[in-house]
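Have a look at the structure below before the remarks.
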Amino acid sequence: ILNVEQSPQSLHVQEGDSTNFTCSFPSSNFYALHWYRWETAKSPEALFVMTLNGDEKKKGRISATLNTKEGYSYLYIKGSQPEDSATYLCAFQAGYTNAGKSTFGDGTTLTVKP
Amino acid sequence: ETGVTQSPTHLIKTRGQQVTLRCSSQSGHNTVSWYQQALGQGPQFIFQYYREEENGRGNFPPRFSGLQFPNYSSELNVNALELDDSALYLCASSFGGNQPQHFGDGTRLSIL
């Protein structure tokens, strides 16, 4: 059983604050790490697919880094806005699988107060 | 480009009954995965279908079964429903490999 952990479980920040959260995953048999954003009453939406150690990806105010040797990824949000409020999921894809068989963490739920 | 659609949106059943959930994959996607998401937890992988064949299964009993059709749409069937089966069921489609998945909005199943 693969263990994928996300921390913190929830986070409340003020509009304009920058924030970050962590996804920890097995350091062996790594193939890819996926980040998804899941807004209430919507479907999870893919943010990043990260495959190489040291990868950094950016999408607007959101960025992510990857360390496959130690088994963690950070997601950063710069200048949080209320529309960033969502649950952020990471999913670990092992080398013998495809993305559809990824193991998900329990998510970090971000609430941004105006 | 049509996204992933799931039906029904909500469903209420009683213990022992059977249920069928449906998913239409995004146009061109040949791989469909099903997940169960309990409150406060991340999605748990149930199984995946690729070109009408089951292509991997998570830690779920045989009473969870599925189908994929030639147009790549899919069904999830659950027999002998138990209270613990109450959850959000998500379907996701992709091209496979490490391509990100596209999710539907889910079916909320409640067992009384």
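So the protein sequences, as listed, match chains A and B. All residue numbers for the first sequence refer to the working numbering, where the first residue is 6 and numbers rise by one. All residue numbers for the second sequence refer to the working numbering, where the first residue is 447 and numbers rise by one. Glycine is no exception: its CB is placed at the ideal position from the N, C-alpha and C atoms.
List, in order along the chain, the chain B residues whose C-beta lies closer than 9 Å to that of residue i?
{"i": "residue 70 of chain A", "result": "Here the premise fails: no neighbours, minimum Cβ distance about 18 Å."}
{"i": "residue 36 of chain A", "result": "544"}
For residue i, return the contacting residues in chain A, with the cut-off set at a CB-CB distance below 9 Å.
{"i": "residue 520 of chain B", "result": "Here the premise fails: no neighbours, minimum Cβ distance about 11 Å."}
{"i": "residue 540 of chain B", "result": "103, 104 and 105"}
Would you mind telling me which residues of chain B sit closer than 8 Å to residue i, beta carbon to beta carbon, in chain order?
{"i": "residue 94 of chain A", "result": "488 and 489"}
{"i": "residue 97 of chain A", "result": "Within 8 Å Cβ-Cβ: nothing; residue 97 of chain A doesn't reach chain B, min ~11 Å."}
Return the residue from the list the options that minimises the CA-CA distance to residue i.
{"i": "residue 8 of chain A", "options": "A:116, A:117, A:107 and A:119", "result": "A:107"}
{"i": "residue 469 of chain B", "options": "B:495, B:462 and B:526", "result": "B:495"}
{"i": "residue 518 of chain B", "options": "B:472, B:490 and B:530", "result": "B:472"}
{"i": "residue 480 of chain B", "options": "B:544, B:486, B:523 and B:449", "result": "B:523"}
How would you list, in chain order, the residues of chain B whose beta-carbon sits under 7 Å from the beta-carbon of residue i?
{"i": "residue 86 of chain A", "result": "Result: empty, since nearest Cβ-Cβ is about 23 Å, beyond 7 Å."}
Can you tell me whether residue i sits near the ligand NAP, meaning its C-beta is under 7 Å from at least one heavy atom of the ligand?
{"i": "residue 538 of chain B", "result": "For the ligand NAP, the structure offers nothing, since it holds no ligand at all."}
Original post:
Are there three or more Cβ pairs, one per stretch, closer than 8 Å when the stretch 529–548 of chain B is compared with the stretch 472–481 of chain B?
Top reply: yes
Original post:
Touching or not, the stretch 98–109 of chain A and the stretch 32–52 of chain A, by the rule of three or more beta carbon pairs under 8 Å?
Top reply: yes
**OP:** Write down every uninterrupted run of the beta strand (DSSP E) in the stretch 67–96 of chain A whose length is 3 residues or greater and which is fully enclosed by it, in chain order.
**Re:** 67–72 and 77–82
**OP:** Please name the residues in the stretch 41–66 of chain A whose beta-carbon is closer than 9 Å to at least one beta-carbon of chain B, in chain order.
**Re:** 41, 43, 46, 47, 48, 49, 50, 51, 52, 53, 54 and 56
Subject >> Chain-ordered residues of the stretch 524–536 of chain B with a beta carbon less than 9 Å from chain A >> reply: 536
Original post:
At a cut of 8 Å, does the stretch 45–63 of chain A reach the stretch 19–33 of chain A through at least three beta carbon pairs?
Top reply: no
**OP:** Note down, in chain order, all residues in the stretch 454–485 of chain B with a beta-carbon under 9 Å from any beta-carbon belonging to chain A.
**Re:** 477, 478, 479, 481 and 483
**OP:** Report the residues of the stretch 506–519 of chain B with a CB closer than 8 Å to any CB of chain A, ordered along the chain.
**Re:** none
**OP:** Quick one: which residues of the stretch 9–29 of chain A get their C-beta closer than 7 Å to a C-beta of chain B? List them in chain order.
**Re:** none
Original post:
Touching or not, the stretch 69–83 of chain A and the stretch 452–461 of chain B, by the rule of three or more beta carbon pairs under 8 Å?
Top reply: no
Subject >> Residues of the stretch 107–118 of chain A whose Cβ lies closer than 9 Å to any Cβ of chain B, in chain order >> reply: 107, 108, 109, 110, 111 and 112
**OP:** Determine contact between the stretch 14–30 of chain A and the stretch 107–119 of chain A, defined as no fewer than three beta-carbon pairs at a distance below 8 Å.
**Re:** yes
Original post:
Going along the chain, which unbroken runs of the beta strand (DSSP E) with 3 or more residues stay wholly within the stretch 463–536 of chain B?
Top reply: 465–470, 477–483, 490–496, 499–503, 510–514 and 520–524
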